[in-house]
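Each protein sequence line maps, in turn, to chains U and Z. Take the first sequence: its position 259, counted from the start at 1, is 1251 in my numbering, and no numbers get skipped. Take the second sequence: its position 649, counted from the start at 1, is 1641 in my numbering, and no numbers get skipped. Beta carbons: idealized from backbone N, C-alpha and C, even for Gly. As structure tokens, the structure follows; a few thoughts come after it.
2 protein chains.
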Amino acid sequence: MRLLTLGVSAAALMMAGAASAEEGMWTFDNFPISRANQQMGTSIDQAWLDRVRLSSVRLTTGCSAGFVSGEGLIFTNQHCIRTCVQNLSTPQVQYNETGFTPRSRDEEQRCQGMQAEVLIDISDVTEQMRTAGAGLDGQAFTRARDAEAARIEAEACEGRDELRCQVVSLYRGGQFMLYTFRKYEDVRLAFAPEEIASSFGGDLDNFSFPRYALDGAFLRAYENGQPAVTPNHFRWNPSAPQPDQPVFVSGTPGATQRLLTQAQLYTIRDITMPMDQILSSELRGRLIRFAEESDENRFIAATALYGVENNFKRFTGRMRALIDADFMGRRQAAEDEFRARVRADQALVNEVGDPWAALEAIQPVYAQLYPAASMLDQRAGGGSALFSHALTLVRAAQELPRASAERLPEFADSRLPLLRQRLFAATPVYASLNEIQLSWWLSKTREVLTVDDERVRAILGRESPEAMAARLASGSRLGDPDYRRALFEGGMAAIEASDDPMIQFVLRIEPILRTVRTEWQERVQAPTDQASERLARARFAVYGTDIYPDATGTLRLSYGRVEGWTYDGRTVEPRTFFSGLFERATGAPPFNVAPRIEAARERIDMNAVVNMSVSTDTIGGSSGSPAINAAGEIIGANFDSTVLTQRNAYGYDINVNRSVIVTAQVMTEALRNIYDMPHLLEELGVDHGN
Amino acid sequence: MRLLTLGVSAAALMMAGAASAEEGMWTFDNFPISRANQQMGTSIDQAWLDRVRLSSVRLTTGCSAGFVSGEGLIFTNQHCIRTCVQNLSTPQVQYNETGFTPRSRDEEQRCQGMQAEVLIDISDVTEQMRTAGAGLDGQAFTRARDAEAARIEAEACEGRDELRCQVVSLYRGGQFMLYTFRKYEDVRLAFAPEEIASSFGGDLDNFSFPRYALDGAFLRAYENGQPAVTPNHFRWNPSAPQPDQPVFVSGTPGATQRLLTQAQLYTIRDITMPMDQILSSELRGRLIRFAEESDENRFIAATALYGVENNFKRFTGRMRALIDADFMGRRQAAEDEFRARVRADQALVNEVGDPWAALEAIQPVYAQLYPAASMLDQRAGGGSALFSHALTLVRAAQELPRASAERLPEFADSRLPLLRQRLFAATPVYASLNEIQLSWWLSKTREVLTVDDERVRAILGRESPEAMAARLASGSRLGDPDYRRALFEGGMAAIEASDDPMIQFVLRIEPILRTVRTEWQERVQAPTDQASERLARARFAVYGTDIYPDATGTLRLSYGRVEGWTYDGRTVEPRTFFSGLFERATGAPPFNVAPRIEAARERIDMNAVVNMSVSTDTIGGSSGSPAINAAGEIIGANFDSTVLTQRNAYGYDINVNRSVIVTAQVMTEALRNIYDMPHLLEELGVDHGN
């Protein structure tokens, strides 16, 4: 790994007047070591950073995790492996209700489609990427850069099947980095508590604190059918975390928008958020009613409903930030100051022009094209797995005959291994759920774009959305992974010959979806990327390199303390204890105590710290991130934040920003006194009490 | 009737630069006769206005209508009597699917709970109302004025059972008027087409044009079991309306917010609209799925779902206006100009102060209290008829023992006749629908106010919203009108002795709801009313009386022309013809042709004008309004507008504001050639073709 020597001092100053010690999701090659040590009273060094990085894990399901033994044991959140639990279950055997507690490693079961990755190298490819896009605009710009990224990835990983190479954009195009990962394609479930234990309080307590969630689970990486050898791992520390204790969080936060201009945020406030939240709410209502119809439906809908509600609540917090006059005012002041400093530097103006004006000019186009881009590209299919498989198969048949650089970027050679792993994963597909998702998507597409839109007319023909959804969902064989593999390997000939109604439907409408995607890239994405890169250059020129990039699903380290908060006259203590779980329980779902916890009540240490709030800077995707003490030991896993914290998509606010963490202490207690997992306790190096 | 002699000239100028000839929902005592005649080329006079007023009907279900014969025949929209059709139907006999086509008057059936009213007198009571509130603030102010209004009403209608007296606020408290109505409590259904004929295109074509909806129906007012004698009525004109023809619309538009300040509108944009639309969408999703479960459920959910979708689309149009920079910019300019003119007049400033600042200062309180006010007062019960009956009964038992002036305003003596009529109406109640509404309301109340809110805890106890909703809906006997009557007449003793779970639930939580309502009135409603009245005084001082008041469900007259429009590069012609219905039909609901229309296809005049767009100024509540030609003849009934027109809640925009009207011509064609209703044709004075 070539470490970049960017300066690391002073404040990040994303938001004038609001910059704070704890702000920042730092890349490992630009972590402010001395500042953190000074503020936290710690003494971490480069070796500490390297150990943490090599012990940290990214899960391809959009979560973070950490190795906790030399034999591939991984600690993460239960909600990060929720889909795996659902996939391993049937309406008859529901591990979500019973917990998954194998008596030994032999009973650990594979999480289909999940891959674990460790970041082993970072190198700068900014110049190559810039050169590839130079002089180009619109779709040509996007395609040339996509092709260059895929080329760099393929070259770097050539002949190294155990690696994954990924070009990542940082600072909204201010830097491009090649990240190289050691990957583990065989990941198995080693322990999960009952879902009512891991998500006590359900959607109502989600994104809140105080909290009483055993949101922890264990996976194990395998190689060649054996537990992977993982000498780089965290030491498990089961002692009680203390208030004000320094905490580092190492993980892969998904996406922040802190570098967006105010004009871009107003589009989110006025256009995308209301549309997305309103549409999601209707799907939520359909799923809630569907789930109420029978126990089987409740099981089938669980993961989809959880996903909808989790996003809904996240965005609720963001909407509040976007209409918060103080918050937006501070952000405006920071933009005004930045803009004034650029304007005062004529040489810089000559170089970057006025990217704010350029971005503002894109917003009406964004608003105009977003409804179609959302319905017919970004959320096409409404979450239906059958639709998603069909689209992958049809496009694979179209794209794969071309040279790698000529394909849609997700079909470049360097991305195929993960694509195949996901496509061929033997995960259950339920026609009834797919019908709900398709019916919602088709009917809302017609409503949003209007019944007279020619794309809508072409998609629906004379069929109603409801009838079409029923026909496609009930008639498709794409739930069968063997059939998907046969179609993938058979190419366009097999696709065209297929009588699968979903395949034929997607084959027919794919040109419509592609046109929408192309127009969005041409008129919104490419000009936004170009203006954002000019903005990034201006930002480096004015503020130097002592800033962190927006989160992009890449590994970051943030730091803070075990700390409560006071807001709106209410003070919240930073730790919750097992006794509080029983006090909060009403007996009515989702406030019922898990049966196995209830059964163990007499044995449980009521003073064990269940969850804690920490002032670290995290966001969705940080779930499962190892929470680490100054000695580099794992003391918990980040699993949530609060509704108020959701504003950190747009800016960090020390007064309310809190990560919510499940402790290693409570997980130890659970393994020992509730779920009886002595082999895991032994592996973690703690007394198993027997 | 004492006609007020307010000036009637010049433009209304609600929005600087946007005032338009057609703008204005004018009261009949302040109609700009000469301006309208000049602009329309008509020659209407006071006698014309009086005849139109006395032929116009308000339905207490929130719609407008008109007398069209001397024997009580009333023309309105099908969607205005949709609830009546639903109430007269059962899952076995569904008039919504078959149409309601009695062969003679003997078969006409009563619409329970509906009352028809004709405005016969207007008098000014502003001084009495001002005096009643003088020197008071908050809840005391509200209560004193409510009591005074009830006193005026009771005094004016004393001993006149055939009248209804109502004090109405105009210009947001700038004027108070006593409106006296002749009422008809026995209203029967005389004709309704199938619902797929009246709402062809369903929710998708709702609020759109071109349009092909036979949204017309006939009622008949009865007195003492006989058709009412109604010498004041419109002459029915079945000829084809022509482009550019002048049209007057006489009806009772429900509510506009054109006199709100920008600060008030921003609260609607940021707080109330997103919350309302998001919550409604979830209910919509639950109802959609419920309706899909069986034919019976589809029937049961129909009216509730229609109501949710209709409001949702209305507010969608409003949200677009609130984020339209041009539209809001023009409104801001008008406010700036008005405010500058006030500021330049020190005497006026001394009189009215700064009502804009006062209203702005209320907005944070509004935002803070709105969630509870919405969930626990304004939409308490979630639309459940059982809950609504229980709340009326419990509060009646609490309030009626007090003197009229001391009661909640809806229980004042003058309002009891209509309250009793509604409460005792024998309308069907479905437990399954009530359960959906209650479950949604309880769970969303908990979500919005949070599970830790003490009111939420008190309401739910340890029960889940779902279990509570099921228990209340399935166990309540309040669907039985005799039981409701017994509880009403038995007073608090009967209420307390009742074992009805809904009664006991509401009895238990009523104090919580009342506290929320009181706080809202004290901290939001009363100060808003007081500041708005000062604003109204300023408005009269600056612009004189040549303005119209915001719509408040009182009778108004607007005028315009049969006219299409051009927007976003698309030109729309103002009339649709029967042939177009068959061209638009796909066969799949909601674009299927009604069976009786299909059966009559060969007999139908394909050139008959089905619907037309007119530049009159209308809004929700205007549905059913007689559309009248210069001669005072009825040529149709207003039934809709467009999504773009919804901005007219906040300001009229001549470029896009269009009312959508079903013609007397197509209704004549339907009665003659589709539904075979010769006795109605004869009564309307047109050839019945047999």
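key: Burial state of Val1221 (chain U) (16 or more Cβ within 10 Å)   = exposed
query = Using a beta-carbon distance below 8 angstroms, is Ser1273 (chain Z) in contact with chain U?
reply = yes
task = Determine, using beta carbons only, whether Phe1282 (chain U) comes closer than 8 angstroms to chain Z.
result = yes
key: Best match in Z:Ala1283, Z:Thr1075, Z:Thr1637 and Z:Leu1155 for proximity to Pro1409 (chain Z) [C-alpha to C-alpha]   = Z:Leu1155
query = Using a C-beta to C-beta distance shorter than 7 angstroms, which residues of chain U count as neighbours of Thr1578 (chain Z)?
reply = In chain order: Arg1454.
task = May I ask which residues mark the beginning and end of the beta strand (DSSP E) holding Ser1115 (chain U)?
result = Ala1108 to Asp1116
query = When DSSP labels each residue in this structure, what does Gln1101 (chain U) get in the three-state scheme?
reply = If DSSP states are grouped into helix, strand and coil, Gln1101 (chain U) belongs with the strands.
key: CA-to-CA distance, Asp1268 (chain U) to Ala1622 (chain U), given in whole angstroms   = 41 angstroms
ask   = Can you give the Cα-Cα distance for Leu1636 (chain U) and Ser1048 (chain U), rounded to whole angstroms?
value = So the two alpha carbons sit approximately 27 angstroms from each other.
query = Name the chain U residues that come within less than 7 angstroms of Ala1486 (chain Z), Cβ to Cβ?
reply = None at all; the shortest Cβ gap to chain U is about 31 angstroms.
inquiry  = Using the three-state DSSP reduction, which class does Ala1662 (chain U) fall into: helix, strand or coil?
reply    = helix
inquiry  = Suppose contacts are defined by Cβ-Cβ distances below 8 angstroms. Is Leu1046 (chain U) in contact with Phe1023 (chain U) by that definition?
reply    = no
key: Backbone secondary structure at Val1508 (chain U) - three-state DSSP   = If DSSP states are grouped into helix, strand and coil, Val1508 (chain U) belongs with the helices.
ask   = What residues match up with Trp1228 (chain Z) in a beta bridge as DSSP calls it?
value = Z:Ile1626
inquiry  = Is the beta carbon of Thr1068 (chain Z) closer than 8 angstroms to that of Ala1296 (chain Z)?
reply    = No, the pair does not count as a contact, with Cβ atoms beyond the cut-off.
inquiry  = According to DSSP, simplified to helix, strand and coil, what is Phe1210 (chain U)?
reply    = strand
request  = Have a look at Arg1562 (chain Z) and Met1669 (chain Z) and give me their C-alpha separation to the nearest angstrom.
outcome  = 39 angstroms
Burial state of Arg1399 (chain U) (16 or more Cβ within 10 Å) = buried
message = Is there a C-beta anywhere in chain U that falls below 8 angstroms from the one on Gly1277 (chain Z)?
response = So yes, Gly1277 (chain Z) belongs to the interface.
key: Cross-chain neighbours of Gln1269 (chain Z) in chain U, by beta carbon under 9 angstroms   = Pro1266, Gln1269, Ile1270 and Ser1273
ask   = Could you give the distance in angstroms between the alpha-carbon of Gln1084 (chain Z) and the alpha-carbon of Gln1104 (chain Z)?
value = 20 angstroms
query = Would a check of beta-carbon distances place Asp1262 (chain U) closer than 8 angstroms to chain Z?
reply = yes
message = Taking the beta strand (DSSP E) that Val1179 (chain Z) belongs to, which residues open and close that run?
response = Asp1178 to Phe1183
task = Just the C-alpha distance for Thr997 (chain Z) and Asp1021 (chain Z), rounded to the nearest angstrom, thanks.
result = The predicted position of Thr997 (chain Z) is uncertain, since its pLDDT is 27 and thus under 50; no value can be drawn from it.
request  = Can you tell me which of Z:Asp1521, Z:Gln1413 and Z:Gln1517 puts its alpha carbon nearest to the alpha carbon of Pro1473 (chain Z)?
outcome  = Z:Gln1413
message = Determine, for Leu1170 (chain Z), whether the minimum Cβ-Cβ distance to residues of chain U falls below 8 angstroms.
response = no
ask   = For Trp1348 (chain U), which option in U:Asp1444, U:Asp1328 and U:Val1357 has the closest C-alpha, if you only look at C-alpha atoms?
value = U:Asp1328
task = Could you tell me which chain U residues have their CB closer than 9 angstroms to the CB of Arg1438 (chain Z), listed as they occur along the chain?
result = Leu1196
request  = Let me know the secondary structure DSSP gives Pro1219 (chain Z) once reduced to three states.
outcome  = strand
Residues that Ala1364 (chain U) contacts on chain Z, provided the C-beta gap is smaller than 8 angstroms = Per Cβ cutoff of 8 angstroms: no residues; Ala1364 (chain U) is ~15 angstroms from chain Z at best.
key: Beta-carbon proximity list for Ala1139 (chain Z), same chain, < 6 angstroms, skipping 5 on both sides   = Ala1397
message = If the criterion is Cβ atoms closer than 8 angstroms, does the pair Leu1181 (chain U) and Gln1101 (chain U) meet it?
response = yes
message = Based on DSSP bridge pairs, tell me the residues matched to Arg1476 (chain U).
response = Answer by DSSP bridge pairing: none, since Arg1476 (chain U) is not bridged.
ask   = With a cut-off of 8 angstroms, does the C-beta of Ile1315 (chain Z) fall near any C-beta of chain U?
value = Yes, Ile1315 (chain Z) lies at the interface with chain U (some Cβ there is under 8 angstroms from its Cβ).
message = Strictly below 7 angstroms CB to CB, what residues from chain Z border Met1320 (chain U)?
response = In chain order: nothing, as chain Z lies at least about 11 angstroms away.
key: Under 8 angstroms by beta carbon: chain U residues contacting Pro1581 (chain Z)   = Ser1456
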